[in-house]
Amino acid sequence: MDLDILKEKFFFMPDATRGAVRYLTTKQLEETGTEAIVTNTLHLLIHPGPDVIHQLGGIKKMMNWNGIVFTDSGGFQLFSLLHSKKWRGKVHENGATFKSPKQGNTYELTPEISIDTQMRIGSDVLVTLDDCRDTNLSRKEAEKSVERTLLWAIRCKEHFNREYGGTKKTGKLLTCVVQGANFPDLRSYCAKELVKIGFDGYNFGGYVVDRDGELVVDEMSAVIESVPRDTIRYAMGVGKPEDILMAAKIGFNLFDTVLVTRNARHGTVYTSEGVLRIKNSGMSLDKRPIDNSCNCECCKNYNRAYLHHMLKNGEATALTLLTIHNLTYYQTLIKGLTPIRP
RNA sequence: GCAGAGGUGGCGGAGCGGUCAAACGCAUCGGACUGUAAAUCCGACUCCUUCGGGAUACACUGGUUCAAAUCCAGUCCUCUGCA
436 MDLDILKEKF FFMPDATRGA VRYLTTKQLE ETGTEAIVTN TLHLLIHPGP
486 DVIHQLGGIK KMMNWNGIVF TDSGGFQLFS LLHSKKWRGK VHENGATFKS
536 PKQGNTYELT PEISIDTQMR IGSDVLVTLD DCRDTNLSRK EAEKSVERTL
586 LWAIRCKEHF NREYGGTKKT GKLLTCVVQG ANFPDLRSYC AKELVKIGFD
636 GYNFGGYVVD RDGELVVDEM SAVIESVPRD TIRYAMGVGK PEDILMAAKI
686 GFNLFDTVLV TRNARHGTVY TSEGVLRIKN SGMSLDKRPI DNSCNCECCK
736 NYNRAYLHHM LKNGEATALT LLTIHNLTYY QTLIKGLTPI RP
């Protein structure tokens with residue numbers, strides 16, 4: 436598999452957190468023009484677990500997916516689930532210890548375990564475990580998060596090389612995450628230190644929008660200015676269509692966000708004329724397709740009124756069709772971007 | 001016909017003298033969602049408002065009381081037993 440295209444082209448990766456893009460079959464996923472997906476290390480570590488995935492031949496075989504698979508390291512989940520106290524556990528110098536809320540068993544996620552898990556999942560592109568924190572972080576806390584992220588990145592890389600023989604032997608790529616909260620100089624410092632260690636890609640981590648929902652352009656620019664151009668530059672969690680356009684302009688080439696699929700499920704769809712809310716009463720007799728200029732299965736066969744009716748009445752088919760549409764919209768948007776690199 | 005139970009906002013259903021424009025569901029109408037605990041969550045939902053309030057409201061009509069969705073009487077309806 437030629438993974439180097441990930442350093443050249445623009446990609447939008449839908450999130451298949453637990454090894455499935457919600458409400459889509461793999462065939463439907465392919466038909467949206469999707470070439471790469473992101474799965475999640477922490478979710479898959481707990482269910483079904485790395486050993487089961489390994490015994491089943493890896494996530495690609497399980498999904499019957501021939502495209503590219505990214506594995507997110509689990510750093511973001513440690514932040515969003517543990518810091519917010521939704522799960523019980525804590526982050527420490529060595530990684531994190533936490534309990535799964537369902538069975539209550541204790542899990543460890545260290546940089547090494549994250550890499551091992553990603554390997555067992557059968558990922559193409561791995562991500563180093565990072566210490567993701569809140570956006571409005573004090574300078575001191577942000578510095579700590581950067582130091583820890585750097586330390587973990589080194590451990591991940593060493594483990595990947597020592598245990599598996601690195602990219603040379605596995606053919607897999609290893610990317611890292613740049614932290615530094617709201618401080619562009621810290622972002623820049625973190626990126627430069629990571630470049631010294633050397634990775635195939637530099638991912639923008641943390642929160643990508645501020646409290647007003649505005650893309651953190653300065654921080655993103657600081658990172659791009661500090662990393663080589665012939666690498667993966669993945670803006671994690673970006674974003675709204677306009678945010679992707681902006682991030683691409685800044686220099687990022689890889690994107691993912693849950694907005695595409697979640698908004699579809701919640702009835703917010705993207706069109707060439709702006710956002711449309713399918714649940715709104717105005718849709719009840721609207722015989723037009725969601726987007727006239729879209730060729731997806733949803734737009735070719737069904738009108739807004741029918742989708743409105745299904746969504747209002749809990750028919751899961753609507754969730755599938757709207758997800759197909761939104762994802763197709765994103766993939767079309769991405770394919771329309773022109774490479775800015777010389 | 002006799003006996004019993006009851007009539008509350010679009011619907012179901014709390015409340016049983018003041019803190020009730022009325023809990024809680026559902027429906028309806030908006031909005032949010034950015035490395036997914038999310039087919040979720042938040043708000044509005046009698047009318048008017050210069051957002052401080054104001055005016056009508058708990059089948060209907062009277063009455064008791066400083067005060068009634070809540071107590072009393074009558075009227076009209078509904079349901080359940082027995083004939």
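To convert, count from 1 in the first sequence and add 435; that's our numbering.
Virtual Cβ for every residue (Gly too), placed ideally from N, Cα, C.
Between the options, which has its C-alpha nearest residue i's C-alpha?
i, options, result
"Thr541", "Leu586, Ile589, Ile481", "Ile481"
"Ala657", "Ile667, Pro619, Gly641", "Pro619"
"Glu593", "Thr584, Cys567, Lys579, Ile632", "Ile632"
"Lys525", "Gly539, Lys537, Glu543", "Glu543"
"Lys714", "Lys735, His744, Tyr705", "His744"
"Thr476", "Thr461, Asp450, Asn501, Arg457", "Asp450"
"Met554", "Pro724, Thr532, Ile494, Ser707", "Ile494"
"Asn638", "Gly492, Leu650, Val673, His478", "Val673"
"Gly717", "Leu742, Arg697, Ala753, Glu582", "Leu742"
"Leu479", "Arg453, Arg457, Lys534, Leu746", "Arg453"
"Leu754", "Leu517, Gln538, Thr460", "Thr460"
"Gly749", "His701, Arg723, Glu708, Glu598", "His701"
"Pro663", "Lys684, Asp647, Val630", "Val630"
"Asn617", "Val651, Pro676, Phe595", "Val651"
"Thr767", "Lys735, Thr706, Arg723, Asn736", "Thr706"
"Leu438", "Ile659, Gly636, Leu746, Leu756", "Gly636"
"Lys684", "Glu649, Pro724, Leu772, Gly600", "Leu772"
"Ile679", "Glu649, Glu708, Arg523", "Glu649"
Go ahead and pull the three-state DSSP assignment for residue i.
i, result
"Phe595", "helix"
"Gly532", "What sits at residue 532 in the sequence shown is Thr, not Gly. The answer is strand: DSSP assigns Thr532 an E or B state."
"Asn761", "helix"
"Phe514", "helix"
"Asn501", "coil"
"Pro777", "Per-residue confidence for Pro777 stands at a pLDDT of 41, beneath the threshold of 50, marking its modelled position as unreliable; no derived number is given."
"Ala616", "coil"
"Glu543", "strand"
"Leu756", "helix"
"Lys770", "helix"
"Ile494", "helix"
"Arg457", "coil"
"Asp507", "strand"
"Leu441", "helix"
"Gly601", "helix"
"Val662", "coil"
"Met436", "coil"
"Leu694", "helix"
"Pro485", "helix"
Our contact map puts residue i next to residue j with C-beta atoms below 8 Å; I'd like the distance itself, whole angstroms only.
i, j, result
"Thr610", "Val560", "6 Å"
"Leu689", "Phe446", "5 Å"
"Gly615", "Cys625", "5 Å"
"Asp721", "Asn738", "7 Å"
"Thr506", "Val562", "6 Å"
"Asp645", "Thr570", "7 Å"
"Thr474", "Ile556", "6 Å"
"Leu711", "Val704", "5 Å"
"Thr545", "Gly502", "So it is not a contact: roughly 29 Å between Cβ atoms."
"Ser719", "Ala740", "6 Å"
"Ile472", "Val456", "7 Å"
"Ser821", "Val504", "Any question about residue 821 goes unanswered here, given that the chain covers just 436 to 777."
In the DSSP assignment, what are the bridge partners of residue i?
i, result
"Tyr705", "Val710"
"Cys734", "Note: Cys734 sits in no beta bridge, so no partner."
"Val562", "Thr610"
"Glu750", "DSSP output for Glu750 lists no bridge partner at all."
"His527", "Gly530"
"Ile632", "None, per the DSSP bridge assignment."
"Leu689", "Phe446, Tyr669"
"Asn638", "Val612, Tyr669"
"Asn475", "Asp507"
"Leu650", "Val644"
How about residue i and residue j: do their beta carbons lie closer than 8 Å?
i, j, result
"Ala699", "Thr758", "yes"
"Gly509", "Leu564", "yes"
"Lys627", "Ser661", "yes"
"Met448", "Asp691", "yes"
"Glu576", "Arg568", "yes"
"Leu586", "Ser580", "no"
"Leu441", "Ile769", "no"
"Glu732", "Glu443", "no"
"Glu547", "Arg590", "yes"
"Phe634", "Met655", "no"
"Arg622", "Val612", "no"
"Cys729", "Thr763", "yes"
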